[in-house]
Amino acid sequence: MNAPAFAIEPVRRNFKFPLKKSKITHWNGAGRNFTNFLNALSVFFPEGERFFIDSVRNYREDIVAPQLKRDVSAFIGQEAFHSREHVEYNNALAEAGFPVEAYEKIVAILLDNIKERTPKAFQLSITVALEHITAILANGVLETPEAMEGSDEGYVALWHWHALEETEHKAVAFDVFNQVVGGGLSSYFLRTGTFTFANAVFWPAVAAVYLDILRRDKQLTNLKGWRATYDNLWGKNGVLKLILPDWLDYYKPGFHPWDHDNRHLLKRVEEIIAVVGAPKTKATKKTTKKVSKKSQPQEDNV
Ligand SMILES: [Fe+2]
Ligand SMILES: [Fe+2]
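The structure is reproduced here in structure tokens:
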């Protein structure tokens, strides 16, 4: 594996975001269609991030390197805060009349089945795969300011914060996988096989939720909206177009997430602080009202 010559230690930032609930379907400057694409992605985060935390926690006792132990604690803390904030976000979507609970239930059934029926190494490998997808999406969001032009600053701050921290911890689950599963051909096939599987399930699931949200929002026939979404995803500076080579890199033997060095993006935390203020430095537990059937993953202090 091509481990990087530099170390990035993730930092837990307990931000709270002032989301204007009335804008949930049209907070993005490109309009309702593209807003709802990002809303569809948000639907997957709380359940997905609980799964990520659990699959890494399964190996907690097996991690020996002190730095990796600290990275894992920070990874769990960051994902727990992301999950908490996206529950609030998804709550706004539910209050606007969309069946978020039903969407999340389908995601939960799928992930619970993986947890119950597959080995822990497979679960961790799924997490590593989905972390690569989120990391490259995060890079795309942060590298294409056009995608957030004319948008509500509270929502932009939340998406940029999440993208920044996904960048910061993009190698943590990967490094755990390397340590506990090891290298070699079987590890390569597990890593790339689960990546193929994760993509085959994740993108159609996102598309299904997205289309259902658009249908309920009466935007399916809004051609101008589709054009704006196409431009933001696949146009000249489209997010997905930009990240396609990074997506493919996952299949390289010897791949490491920091092969793509985008550390410069981490400086942009200052932009988020300018909107929402400095994060609380001390962890606050159970400060958010319960809004989901499952309890929130607890921020990790070990
Ligand atoms: Fe996250
Ligand atoms: Fe993550």
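So the sequence shown is residues 1 to 302, counted in our numbering. Note that CB positions come from ideal geometry on N, CA and C, so glycine has one too. Values in this document were obtained by computation on a predicted structure and should not be read as measured data.
(request) Give the DSSP bridge partners of K280, in chain order. (result) Paired residue(s): N14.
(message) According to DSSP, simplified to helix, strand and coil, what is L19?
(response) Note: L19 maps to coil in three-state DSSP.
(request) Return yes when at least one heavy atom of ligand 4 lies under 7 Å from the C-beta of F52, else no. (result) Because ligand 4 does not appear in the structure shown, any question about it cannot be addressed here, the ligands present being ligand 1 and ligand 2.
(message) Assuming P46 is part of the alpha helix (DSSP H), what are its boundary residues?
(response) Per DSSP, P46 is one residue of the alpha helix (DSSP H) stretching across 32-57.
(request) Determine the DSSP secondary structure at F255, reduced to helix, strand or coil. (result) Here DSSP, grouped into helix, strand and coil, assigns F255 to coil.
(message) If you follow the alpha helix (DSSP H) that V64 is in, where does it begin and where does it stop?
(response) Note, V64: premise wrong, no alpha helix (DSSP H); not H, not E.
(request) For V107, collect the residues of the same chain with a Cβ closer than 8 Å to its Cβ; drop the 5 residues on either side in sequence, then sort them by chain order. (result) V43, F44, E47, G48, A205
(message) How far does the alpha helix (DSSP H) with A205 in it extend, from its first residue to its last?
(response) 185-216
(request) Under the assumption that S22 contacts I126 (Cβ atoms under 8 Å), give the Cβ distance between them as a whole number of angstroms. (result) I126 and S22 do not touch by the CB rule: their CB atoms are close to 36 Å apart, not below 8 Å.
(request) Can you grab the Cα-Cα spacing for the pair S292 / F51, in whole Å? (result) Reliability fails at S292, whose pLDDT of 41 lies under 50, so the model's placement of it is uncertain and no value is given.
(request) Compare the C-alpha of F17 against each of G140, H162, Q67 and name the closest. (result) H162
(request) Specify the secondary structure class of T288 as computed by DSSP and reduced to three states. (result) Unreliable positioning characterises T288 in this predicted model, as indicated by a pLDDT of 38, which lies under 50. The coordinate reading is nonetheless provided below. Three-state result, T288: coil.
(request) Taking only heavy atoms of ligand 1 into account, decide whether any of them is closer than 7 Å to the Cβ of E304. (result) For the chain, the structure presents residues 1 to 302; residue 304 sits outside this window and is missing.
(request) Alpha carbon to alpha carbon, how far is Q179 from D62? Give it in angstroms, no decimals. (result) Cα to Cα, D62 sits roughly 9 Å from Q179.
(request) Mind reading off the beta-carbon distance from P10 to V172? Whole number of angstroms is fine, and I expect it under 8 Å. (result) 7 Å
(message) Using only CA atoms, which one of R60, P145, A40 lies nearest to R268?
(response) P145
(request) State buried or exposed for W234, treating a residue as buried only when at least 16 other CB atoms are found within 10 Å of its CB. (result) exposed
(request) Confirm, please, whether the CB-CB distance from A198 to L317 is below 8 Å. (result) What the structure shows of the chain is the stretch from 1 to 302, and residue 317 is not part of that stretch, so it cannot be assessed.
(request) Output the distance between the C-alpha atoms of N39 and E165, rounded to the nearest integer angstrom. (result) Approximately 19 Å, taken between the alpha carbons.
(request) Taking only the alpha-carbon atoms, compute the straight-line gap between Y250 and G154 and give it to the nearest angstrom. (result) 33 Å
(request) State yes or no: is the C-beta of G150 within less than 8 Å of the C-beta of L242? (result) Between G150 and L242, the C-beta spacing is not below 8 Å.
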